[in-house]
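Residue numbers (this note's numbering), protein chains in the order written: chain A, 34 to 349; chain B, 34 to 349. All residues carry an ideal CB built from backbone N, CA and C; glycine is no exception. All figures in this text were calculated on a predicted structure; none of them were measured in a lab. This report concerns only the one structure given below.
Protein chains: 2
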Amino acid sequence: MFRPQIKVLDCTIRDGGLINKWQFSDELVRETYVACAAAGVDYVELGYKASPELYPAPEYGCWRFCRDEDVERVLAGVERTAKLSCMVDIGRVREEDIAPCAESPFDMIRVASYVKDIDKAIALADLCMERGYETTMNIMAVSTNLEKDIDEALEQLAQTKIPAVYVVDSYGSMYCEDITFLVKKYQEALPGKTIGVHCHNNRQLAFANTIQAIIDGANLLDASVYGIGRGAGNCCLELLLSFLKNPKFNLRPVLKLIQDYFIPLREEIEWGYLIPYAITGMLNEHPRMAIAMRKTPDADKYLEFYDKLTTPEVVE
Amino acid sequence: MFRPQIKVLDCTIRDGGLINKWQFSDELVRETYVACAAAGVDYVELGYKASPELYPAPEYGCWRFCRDEDVERVLAGVERTAKLSCMVDIGRVREEDIAPCAESPFDMIRVASYVKDIDKAIALADLCMERGYETTMNIMAVSTNLEKDIDEALEQLAQTKIPAVYVVDSYGSMYCEDITFLVKKYQEALPGKTIGVHCHNNRQLAFANTIQAIIDGANLLDASVYGIGRGAGNCCLELLLSFLKNPKFNLRPVLKLIQDYFIPLREEIEWGYLIPYAITGMLNEHPRMAIAMRKTPDADKYLEFYDKLTTPEVVE
Numbered sequence: 034m035f036r037p038q039i040k041v042l043d044c045t046i047r048d049g050g051l052i053n054k055w056q057f058s059d060e061l062v063r064e065t066y067v068a069c070a071a072a073g074v075d076y077v078e079l080g081y082k083a084s085p086e087l088y089p090a091p092e093y094g095c096w097r098f099c100r101d102e103d104v105e106r107v108l109a110g111v112e113r114t115a116k117l118s119c120m121v122d123i124g125r126v127r128e129e130d131i132a133p134c135a136e137s138p139f140d141m142i143r144v145a146s147y148v149k150d151i152d153k154a155i156a157l158a159d160l161c162m163e164r165g166y167e168t169t170m171n172i173m174a175v176s177t178n179l180e181k182d183i184d185e186a187l188e189q190l191a192q193t194k195i196p197a198v199y200v201v202d203s204y205g206s207m208y209c210e211d212i213t214f215l216v217k218k219y220q221e222a223l224p225g226k227t228i229g230v231h232c233h234n235n236r237q238l239a240f241a242n243t244i245q246a247i248i249d250g251a252n253l254l255d256a257s258v259y260g261i262g263r264g265a266g267n268c269c270l271e272l273l274l275s276f277l278k279n280p281k282f283n284l285r286p287v288l289k290l291i292q293d294y295f296i297p298l299r300e301e302i303e304w305g306y307l308i309p310y311a312i313t314g315m316l317n318e319h320p321r322m323a324i325a326m327r328k329t330p331d332a333d334k335y336l337e338f339y340d341k342l343t344t345p346e347v348v349e
Numbered sequence: 034m035f036r037p038q039i040k041v042l043d044c045t046i047r048d049g050g051l052i053n054k055w056q057f058s059d060e061l062v063r064e065t066y067v068a069c070a071a072a073g074v075d076y077v078e079l080g081y082k083a084s085p086e087l088y089p090a091p092e093y094g095c096w097r098f099c100r101d102e103d104v105e106r107v108l109a110g111v112e113r114t115a116k117l118s119c120m121v122d123i124g125r126v127r128e129e130d131i132a133p134c135a136e137s138p139f140d141m142i143r144v145a146s147y148v149k150d151i152d153k154a155i156a157l158a159d160l161c162m163e164r165g166y167e168t169t170m171n172i173m174a175v176s177t178n179l180e181k182d183i184d185e186a187l188e189q190l191a192q193t194k195i196p197a198v199y200v201v202d203s204y205g206s207m208y209c210e211d212i213t214f215l216v217k218k219y220q221e222a223l224p225g226k227t228i229g230v231h232c233h234n235n236r237q238l239a240f241a242n243t244i245q246a247i248i249d250g251a252n253l254l255d256a257s258v259y260g261i262g263r264g265a266g267n268c269c270l271e272l273l274l275s276f277l278k279n280p281k282f283n284l285r286p287v288l289k290l291i292q293d294y295f296i297p298l299r300e301e302i303e304w305g306y307l308i309p310y311a312i313t314g315m316l317n318e319h320p321r322m323a324i325a326m327r328k329t330p331d332a333d334k335y336l337e338f339y340d341k342l343t344t345p346e347v348v349e
């Protein structure tokens, strides 16, 4: 039995690019799209749409910007059976970077926002919707918010036309019961809207938490190939597809993609279950300190890292 | 809040030894014990007690046999604040290998059995109990049994004095709902007995499933350092300790143990989330074919492996 409303979004290139500044070959991006489309994935997210002024071009690969022409180059001749998505951050994209949807290869723009920025985020989402895109709101880092502030943001979102709002476990700190709590809260506050889920894998709970969200009614599911993503990464697409019963999903193209592209890539860049990311997850902290220490000679000094993060400091 | 009945069993050496035929240095075994004891782990399982006639000694390390004198050598001078466990398989241990508990460093003997062998397993458990050991029954591979056969085994176990029975996800194929189903079944069939849980990590669900078992009432929890164990390995001890609220547990010694011993060990021997183990988990299969293919030049030919396991064969 399956729920036909369920849609899968692959965020491999977008979230994986946070590791290597989107320095992916065109070939890898194309093959990722092709494999995801063949696997029955509904949306493939290629990156962030950001203003080129903000990021020096040679340092950052083209999926930091998601220019429409880059899509046309990379996917030239490829059948577009999966929709294309990109993400935008408040303050990092100009109005003129967002062409009307009818002139763009992108179908969906997802707005990422902290609770505190929700007003700006709604304005940006309104712009995307006006230009004809499917739009979602991804509220980040809610594990660090007071409930009253989450509730207020949800009240505001309820008054918008944004059709889908995501529960995001930014720090990989949530248990299944937290997912249930939030999915139910979002559902009650946002009648008629689709609830999405985006989980990080710091504590090896991304897949379990995504399953729990499905059970609770979430219908828009993020995952990435072999779990690639900043820090510990995301829910593995291959695991998610093995769980979903919808006959349209097919695991085989993703297995081939992993063996041909992501095993070699994993030799070059790092993601997945590593103790420093587990520690930031346990402590409900942003992974930035773990990411930084993994680039030093102390990359495996876990105890020192844990002590640094847990030693009480004077807070005035 | 915590549940004082909860006990943690570390199976690092016993299950990890399935990878390398228990070729661990005395130092690693000693440091594992010391760190687990300091972390508040209740039981440390050092290996299998097996008849030396069955396994050639130079090929197999001493924890394939768990002779009492090996324990005394390795733990000489070490304070024994954690109890010692070993596992026995039916037909692989002789009566004379099991000394009276009062003369042995071991406190607990766990009997591993398939449902079909439960009568023999109960006889072996009775022997262990007669000799004074704490004893558990670990029923393996129940994900492949008909429910009526599980029920019959549980009925037989209900009539014994065996104080604890384990739900074991041998193939890493179970979801949280399967764990709930089995824990509740075991509880209902075995009033007054402790329920244990031992999960494998093929689909990155070992920690989530262990949490679910705790919620459902399991009080005897298996885990291993950095998840070491055959194939995909087990629930990570470091994750489990981060979840448990009992003040006696301490994560720090385990973090130090991982950085000093298990990161280097992982360079020598392989365990953890790898696609072939994910595939056997998805298919509810024993990991033996995945283990075998990982030792060949085709170790990363996932699609071929998947097709081999899923291509229908004529079954008469």
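One thing to note: Thr114 (chain B) has its Cβ no nearer than 8 Å to the Cβ of Arg143 (chain B).
In this structure, DSSP gives Cys69 (chain A) a helical state, which the three-state scheme calls helix. Judged by their CB atoms, Phe57 (chain A) and Gly110 (chain A) are not nearer to each other than the 8 Å cut-off. The alpha-carbon of Gln292 (chain B) is positioned some 6 Å away from that of Tyr335 (chain A). With respect to the C-alpha of Cys44 (chain B), the residue from B:Glu337, B:Asn317, B:Pro345 and B:Gly266 having the closest C-alpha is B:Gly266. Here Thr243 (chain A) is buried. Its C-beta has 16 or more other C-beta atoms within 10 Å. Against chain A, the beta carbon of Arg236 (chain B) has neighbours under 8 Å at Phe240, Leu272 and Ser275, listed in chain order. Shown here, Lys194 (chain A) sits in coil according to DSSP, grouped into three states, outside any helix or strand. With a threshold of 8 Å between beta carbons, Lys334 (chain A) makes contact with chain B. For Ile228 (chain A), the beta-bridge partners assigned by DSSP are A:Val198. DSSP, reduced to helix, strand and coil, places Thr169 (chain A) within a strand of the structure shown.
By the Cβ neighbour-count rule, Arg97 (chain B) is buried, with 16 or more other Cβ atoms within 10 Å of its own. Excluding its 5 nearest sequence neighbours in each direction, Thr193 (chain A) has C-beta neighbours in its own chain below 6 Å: Ile155, listed in chain order.
DSSP, reduced to helix, strand and coil, places Ser275 (chain B) within a helical segment of the structure shown.
For the set A:Ala83, A:Gly264 and A:Val121, the Cα lying nearest the Cα of Arg327 (chain A) is the one of A:Gly264. Bounds of the beta strand (DSSP E) holding Leu42 (chain A) are Lys40 to Asp43. Taking Leu190 (chain A) as reference, the option from A:Glu210, A:Phe214, A:Met207 and A:Glu221 with the minimal CA-CA separation is A:Glu221. Phe276 (chain B) and Asn283 (chain B) have their C-alpha atoms some 11 Å from each other.
Residue environment for Phe338 (chain A): buried (at least 16 other C-beta atoms within 10 angstroms of its C-beta). For Gly80 (chain A), the secondary structure class from DSSP, reduced to helix, strand or coil, is strand. Within the stretch 185–208 of chain A, contact with chain B at the beta-carbon level (separation under 7 Å) is assigned to Tyr208. Here Met315 (chain A) carries a helix assignment [DSSP, helix/strand/coil]. The C-beta distance from Ala251 (chain B) to Gly225 (chain B) rounds to 15 Å, too long to fall under 8 Å, and the pair is not in contact. Contact between the stretch 166–183 of chain B and the stretch 195–202 of chain B is established, with three or more Cβ pairs separated by less than 8 Å. Counting along the chain, the unbroken beta strand (DSSP E) around Lys116 (chain B) starts and ends at Lys116 to Asp122.
A Cβ-Cβ contact shorter than 8 Å links Val258 (chain B) with Phe295 (chain B).
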